[in-house]
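Chains as they are written, first to last, in the working numbering: chain A, 229 to 1217; chain B, 849 to 1283.
A virtual CB, placed ideally from N, CA and C, is assigned to each residue, including glycine.
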Amino acid sequence: MIKAHLRLLIFMCSFSLFAQDYFPSNSGVKANNTNYTAFINATIHVSPTETIDNATLLIKDGKVVSVGTSIKIPNNTTTVDLTGKTIYPSFIDLYTTFGVQKPERGGDGPQYGPSRSGFYWNDHIKPEQDVMTSFKYDAKSASELHKLGFGVVNTHMPDGVVRGTGALIALNNTADNSMRIIDGKISQHLSFSKSVKSRQRYPSSIMGSMALLRQMYSDAKWYEAGHIDTKDLSLEALNKNKNLLQIFEAGSRANLMRADKVGDVYDIQYTILGGGDEYERINEIKSTNATVILPIDFQLAFDVDNTHLASSLSLSDMRAWNQEPHNPKILAENGIPFALTTHGLKSKKSFASNLQKAIESGLSKQKALEALTTIPAALLGKSNLLGTLKTGSYANFLITDGDIFEKKTTLYENWVQGEANIIEDINTTNINGDYNFKLNNKAYNLNITSSTSKPKAKLTSDEKTLGTKISYTDDWLHLTFKTADSTKKEFVRVVANAVKDNTLEGKAILPNGNELQFTATKSDSSAAKTDKKDDDKKKEKATDAAFMSPVTYPNLAYGFTEQPKSETLLFKNATVWTNEEDGILENTDVLIKDGKISKIGKDLSSRNATVIDATGKHITAGIIDEHSHIAAASINEGGQNSSAEVTIEDVLDEEDIGIYRNLAGGVTSIQVLHGSANPIGGRSAIIKLKWGETANNLIYDDSPKFIKFALGENVKQSRYSTNARFPQSRMGVEQVFIDYFTRAKAYGKLKNSGEPYRYDEEMETLLEILNGERFISCHSYVQSEINMLMKVAEQFDFKINTFTHILEGYKVADIMKEHGAGGSTFSDWWAYKYEVNDAIPYNASIMHNAGITVAINSDDPEMSRRLNQEAAKSVKYGGVSEEEAWKFVTLNPAKLLHLDDRVGSLKVGKDADVVLWSDHPMSIYAKAEKTIIEGVTYFDLEKDKQMREAIKKEKSALINLMLQDKNKGLQTQPIKKKENHALHCDSLD
Amino acid sequence: MKKNILYILSFLLISSFSFAQQTPAPKQTKDFAIVGATAHIGDGTVIENSIIVVSNGKITTIGPEASTPLTRQAMDIIDAKGKHVYPGFIVANGTLGLVEVDAVKASNDLSEMGTYNPHIRSIIAYNSESKVIESMRPNGVLLGQVVPRGGRISGTSTVVQYDAWNWQDAAIKLDDGIHINWPNSFRRGRPWRGEDPGLKPNKDYAKQVKELNAYFNESKSYNKGSKSESHLPYEAMAGLFDGSKHLYINADDEKAITDAVNFAKAQGVSKITIVGAYQAGNITEFLKENKVSVFLRRVHSRPELEDDDYDLPYKLAKKLVDAGILVALEPSGQMERMNSRNLPFYAGTTVAHGLTKEQALQLITQNPAKIMGIDDAYGTLEVGKSATLFISEGDALDMRTNILTKAFIDGRDLSLETHQTELWKRYANKPSQVD
C-alpha cells in the first residue's frame, strides 16, 4: 500500500514542478499541486547536531514545511511511514565541474601577447567567464552523485588563473534549469594554473601566477577608481564578483599556503581546495584561517609484490598512503573548518568507502556530516535553504536504514527539491542471509549477500559449491543453479517470493521439466552471525587503519620527529678557521650559546655546555652558496623578458631532500636565485638550511633584497626553435635594461610627485634597485656583456652588486673592481655552451688578485654538496692561499649577500652557523661531521646513521601493511619512482 | 671570402701563440731518470725515494733509490725529491673528443640514430685536437676510452692516449668493446597519451630484453654462416663471441644488472663489465662469482633515490672493492667531458669514504687498464711497461696538491699548457684599463 503512495507522489510532484506561474500552458489546464507529503516515524537528523527520534518531516512544493514529533498534518497530505528508517539532509559538493565539458586546448607555439582585446592584458585572467554559458545539465552524472548522497553541487569552468563565476545547482533530474539553478553566480574561482585555451606564455610558473594575481587586484582597484580610460571587461567583472564566495584551487598544502599569502595582500580570505596533505603542517594551515575544501582521494596501497620495483618506492610516497586518511580527523581536531568534496576521485564511487576510511581513522561522524552539509551551506550563504531540514529549507534529504556512514547501511532514496530519486527500492524485502532448503531430499544452503537490487548468491550442497545466478526485483527471486552432476550441463531454476518474513516461497523447475514446491527458511542465527562477522572484520580493519606513521619535519626520509633545539655547545681543542684577523687557530675551543658564537679561546669551560672533543678536527663557519636552485618549487618565470614582480620567496620548498644533503656537505646558507630565462629575472630568497622548519622560517630575518639578472645565450633564447620574444641578441639585451630603468625612473618620479599612480610591482622592484635598496646578482659570461651592464648601471647611478658565473671576469677584473662589483664563479666549469669557450679555472684567482670579492658557487645540487672541494681548486688553479680560498665559500659570499655582519666567519656575537670537519676542510678526505645553524645541530653524522636504520624499519612496516591490503583483496596501484629533480638556471619550471 | 680570411687570420694569431702547446710531444730520444719521488705504482703499492728510468718510451728500471744504482750515464736526471709519481690516469667510459661544446649541436658526434649500432665506431669522430682534451693533461688524466652513446647497442669504443696528431696515432686499442644500454626497469609516463607523468614500471622490459636476445642470436647465426650477403652490424658483433671484444652493459638497478649478466653469460660473452652499477652493492657476491667487473658511476653525483644515504655514491666503491670486485671509475653524466679532468678527485672522495689512497688510485689506473685489456702496457709503473706517467708536487688525488710538473705518454715529454693556461698567463698580466 505504501508503495503505491510513493509512486503516486513522484508522479504528482513532477506535475507541480513544471507549472511555473508565469509560463503559458498549451497542453491542458493549468493545475498546481498543493498537496503535502509527510514522512512519519523516522529518525531525523535535522542537522548534524540535532537528531529527533520517531519524528515527522512535512514537505510541500519542494521545501520543508516543518519537522518534529508533534507536527500537525494537514488533510491534503500523503503520508509515508518510515518506521526503522533514518533521514539525513543531503550532501553538498562545493567543488565540481558538473555539467561543464573539459576545456579544449587551443593554439600552438609560444605567444607573448594576449589573444583578445577589451579584457585584461593576460588571457589567463577571466573573471568575466560565466559557467552558465557552457552549462548543460548532466542527468547521468547527477544520478551517480545521488548514489553518493549529494543533492546540490557548486560547479565552475576549471580553466584559467581567474576562472570566473560558479553556479549552485540542485541535482533535480525531474525539473528543468529554472528550478535547478539555486544561484547562477555564487562563487568566483581561482587557481595557479593557466587557461588551456590560450598559449600566452605568462605566467609560466606558480610565482608568476602569484604576482599576476597581486597585480590584477591592484589594477582592479585602479580601474574602479576610474583611472583607466579604456574598457577592461575582466577588471569590471572582477570588481563585480568581489562579494561572491572566493574559491581557490590550491591542490596541495604548499599551494594552499601560497594562495592564502596572495589573498592576504588584498584582505581576501579564500576558501581553498586543499591537497589532502594538510596534516603535514597543521599549525601553518590553521594560521591561515581559511576554510578548506578537502578532497578524500586517498591513494591505493602500492603493489609491493615485486621486491625489485618496490625498492624504488620512497618513504614519503608510502607515508602519504598511510597518513592521508587521517587528514580530515587532524583538521577537525585542530578546529580547522572544512567541507568535503568528490573532487580528485578517479572513480566517484570510492567517495563512500574513502569517507568510511577517514571515519575509521578517527574523523567523527558529526564532523563528517557537517563537512557535507552545514559548512558548505554556510560558506555559500545558503544556510536557510541548504544543509539542514529546518523549516524553509529545500526538501533535500536522504532516506537510509541506519547510520549513513556505515558500510552496511542502505541508501534508499535521495530527495532533491521534493523529488525522489530511488537508489534502492525501500519496500523490497531485504533477503540477505543464510537459507536452507531441500529438493528431492537433497539439502542445500543458500547464502545471499550484497545490495538488495544486486544481490550475490553462494549455493552449496554436500560441501560443494554450485554455479549460481541470482536476480531479485519486486520481492521476486529468480535463481538458476547447476546440478551437482558436473558432467552434465543442466540447471535447476527457482522462482520464489519473499513476502513472508525470513522465508522464500515458490517453485523449482528441474532439468527434466518437473516442478517442485520450493521453501527456503532463513537460519535463525544467520542475521546475528553476519552482523558479528562484520563487526569483527571492522574491528580488525580499524586497528590497521588507526595506525599512522608519525609525521616528521619535513615529512620524508631524514625528517625530524621533533624539531631540534638550540644548544649550548663547547668544542674542545679544534683547529679553528676564524676567517678573521686571528686566522687559523690551533688547539682552540669554541663555545656556542643562545644561537651565537659566545667565546673562542684556549681552555674554555661552561657549566651547562655539552662538550665535544674536537681534537684533530677542524671548525669553520658554515658554507654559503651564493647561487643555488634547491629548495624551490619553481625557478624561472620566463613568460616575459622581465619578471621583477616575482619572488622565489613565494615558492620555497622546504621538503627538498637537497637541503639535507647540502647540510651534509657543510652548507648553512644559500641564495635561491631565479633562473636565467630572461634579462630581468625574479627576486631571490636568501635562506638558512634549517631542515624541518616551514618554508617561511627558512628565510633570513630582515633579509637583504636581491634580484637575478641574466645576460647572454639563455636570455636571447639561443637554443629556442622560434624567435618570438625580444631580445634575440646581446644588442637587444642592453636595450631591455635601458628601457626598464628609464621607465622605473619615470615611475619613481610620478610616485614621489604625490599624483595618483598605478601601483606596479615590477616597477616598484626596479625602483628599489635605483634607490640602492635591492641588489643585483647577474648571470654573465662574456666580457662584452659584463662591461655593458656596468655601463648601464653607471648611467642610472647604481652598482651591480655581484656578477654570478662571470666566467670571463678575469678579462675585466680591473674594470669590475673599479665599478665595485663582486664575482661569484664556478671553480672549473666550462665547455657546456659556446659562451664559456674562454672560461678558465684561474678566473677566481685572477679576480681575487685584482682585489675583487670572490665567491665560488654551485648552481647545482650536486656540486653544492662539495663546495669545500671546489674552493680547494683555487689553491691548485692560480695558487690562492688556503685561508683566502676558504673565504671563497664562506666570508666572501656573506659579503656579497650583505650578511657578513651575521655569518661567514667565526667571531664572537655572530650567528653560530658552524661546521665540524673530520679533517682539513679543503682536503678531499674531509667529511662534515656536524652542521649547526644558530646553535641547532641540523646534520650530525652519528644521527644520520640512526635515521638510516629508522627509515629501513619504517619502510618495512609500511610495506607489510600494504601487503595486508593486497591480501584483503583491495585494489593497489603500481610503484612510483620519485624523480631525482635538479633545477638549474636553465630549468623552465 | 672575407669571412674565410678573417678565420685564417684569427687562426694564425691563436696558433702563433699556442702552437707549442697544441703540438703533440715528439718521441723520446734520450733516456731519463726520475729520482727521489714517492712512486705510486698503481697496484696498491708505493716506493718511497724511488728511481724510475725510462728508455725508448718504456720503464726500464724502477725501485728504491737506495737499492737501484743508476748505471747509464747518458740520460737526463729529473730531480723529484718530495714529489709524487703516478701512472697516467685512465678515463673509463669517457666521451672526450666526441663533443666540443655541449650546447652546440654542430660540435656533437656523440650518438648515431637507430637502436642497434654495433658497427658504429667512435674512433672515427674522435677529435684529438679538442681543447677539452688538452685540459686533461695538467691533471694527470692521460688515457681514456672513447665511447659512443645512445640506442640499445650504442656502438664500438676505442682506447686512446690524450696527446696525438689525429685519431690514428691516438688509438692504443682499436675497437676494444661494444656498449649496450640495458632496458630500464622504469619508464616515464607520456602525458600526451593521457598517462600520468613520472616514473612507472616499464611494462615493455621483458619484450625489450627478448629483442636484444634475438639480436645477439641473429648475429651469432650470421657469423657462423657464409656471409654471402654482408650485414655490417652483425659482422661487428663477431668479436663478442670470439673473445676479441669486451661487452660493456649500462645497468643500474639490481634486477637489470643480474638480468644483464645472466644474459651475457648465456650468450657466451666472456668479457663483461657493468657500467653505472648503482645498486651493485646489493649483489656483490653474484658479481664476484660471475667475474664481472664494474665501471662505477660518477662518484660526484647525487643519490638516485630520496631515501638513499647521502654518501651512497661516495662509498659504493669501497663496498665493491671490499667484496673483491674489479672496479674502475667512470665519469658519465652532466658535463662529463670537461669534468673528466676531475677523475683524480672522484677517486680522492672514495678515500674519505673508506678506501685507502692506493686502493683509490687503482680505480683510475690499474683496474681500468685491466678491464679494457691495456694492462700489458698501461696502468701501473712496472719495468717493461709504457712510461705513461706524471710527476705531481703532492698527492694527486687531492685538488690542493694535484699540481703537475711533468707528464709523459710513452716517454714523450708532454706540454702541460692549454688554451686555459694561455688565457691565464695573458690576463694575469693584463695592464690595468682603469686610471
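In chain order, 1248 make up the part of chain B whose C-beta sits under 7 Å from the C-beta of residue 1150 of chain A.
Rounded to the nearest angstrom, the Cβ distance from residue 614 of chain A to residue 607 of chain A is 10 Å, too far for a contact under 8 Å.
When the alpha-carbon of residue 988 of chain A is set against those of A:1089, A:850, A:870, the nearest one is in A:870. For residue 1114 of chain A, not one C-beta of chain B is nearer than 7 Å to its own C-beta. Taken atom to atom, the span from the alpha-carbon of residue 684 of chain A to that of residue 676 of chain A is near 6 Å. Judged by DSSP secondary structure, residue 1164 of chain A falls within the beta strand (DSSP E) whose first and last residues are 1164-1168. Residues of chain A with a Cβ closer than 7 Å to the Cβ of residue 1275 of chain B are, in chain order, 1038, 1039, 1074. Taking C-beta atoms as the reference points, residue 794 of chain A and residue 1163 of chain A count as a pair closer than 7 Å. Within chain B, the C-beta atoms nearer than 7 Å to that of residue 1062 of chain A come from 949, 951, 952, in chain order.
With the criterion set as a beta carbon lying under 7 Å from some beta carbon of chain A, the members of the region 1138-1167 of chain B are 1148, 1149, 1150, 1152, 1153, 1154, 1155, 1157, 1158, in sequence order.
Residue 693 of chain A carries a strand assignment under DSSP once its states are collapsed to helix, strand and coil.
DSSP, read as helix, strand or coil, puts residue 391 of chain A in strand.
Within the same chain, and ignoring the five residues on either side of residue 783 of chain A in sequence, the residues whose Cβ sits closer than 6 Å to its Cβ are 508. CA-CA distance, residue 900 of chain B to residue 858 of chain A, rounds to 49 Å. Close CB contacts of residue 557 of chain A within its chain, under the 6 Å cut and outside five residues either way in sequence, are with 589, 590, 591 (chain order). Note on geometry: alpha-carbon atoms of residue 1205 of chain B and residue 1188 of chain B lie some 19 Å from one another.
In this chain, the beta strand (DSSP E) harbouring residue 672 of chain A covers 670-678. The Cβ atoms of residue 1225 of chain B and residue 1233 of chain B sit closer than 7 Å to each other. Residue 296 of chain A is bridged by DSSP to A:284. Taking the Cα positions, residue 571 of chain A is about 8 Å away from residue 525 of chain A.
Distance between residue 781 of chain A and residue 986 of chain B, taken at the CA atoms: about 46 Å. Sequence-distant partners of residue 576 of chain A (beyond 5 residues in either direction) whose C-beta falls short of 6 Å from its own C-beta, in its chain, are 372, 570. Against chain A, a Cβ distance below 8 Å from residue 990 of chain B picks out nothing, because the smallest value is about 17 Å. Residue 930 of chain A and residue 971 of chain A have their C-alpha atoms some 28 Å from each other.
Around the beta carbon of residue 746 of chain A, a 10 Å sphere encloses 16 or more other beta carbons of the protein chains shown; the residue is thus reported as buried.
Between residue 832 of chain A and residue 822 of chain A, the C-beta spacing is not below 7 Å.
Residue 704 of chain A sits in a strand when the DSSP states are folded into three classes. Annotation: the continuous alpha helix (DSSP H) that includes residue 1063 of chain B extends over 1053-1072.
Judged by pairs of C-beta atoms under 8 Å, the region 1265-1282 of chain B does not touch the region 1138-1145 of chain A, as fewer than three such pairs exist.
The beta carbon of residue 805 of chain A sits no closer than 7 Å to any beta carbon of chain B. Collapsing the DSSP output to three states places residue 1199 of chain A in coil. Taking 4 residues as the shortest admissible run, the region 1085-1140 of chain A contains the following complete alpha helix (DSSP H) segments, listed from N- to C-terminal end: 1095-1104, 1110-1115, 1119-1124. Under the three-state reduction of DSSP output, residue 1275 of chain B falls in the helix class.
Not a single CB atom of chain A sits nearer than 7 Å to the CB of residue 1210 of chain B. For residue 1222 of chain B, the secondary structure class from DSSP, reduced to helix, strand or coil, is coil. Distance from the CA of residue 829 of chain A to the CA of residue 805 of chain A, rounded to the nearest whole angstrom, comes to 12 Å.
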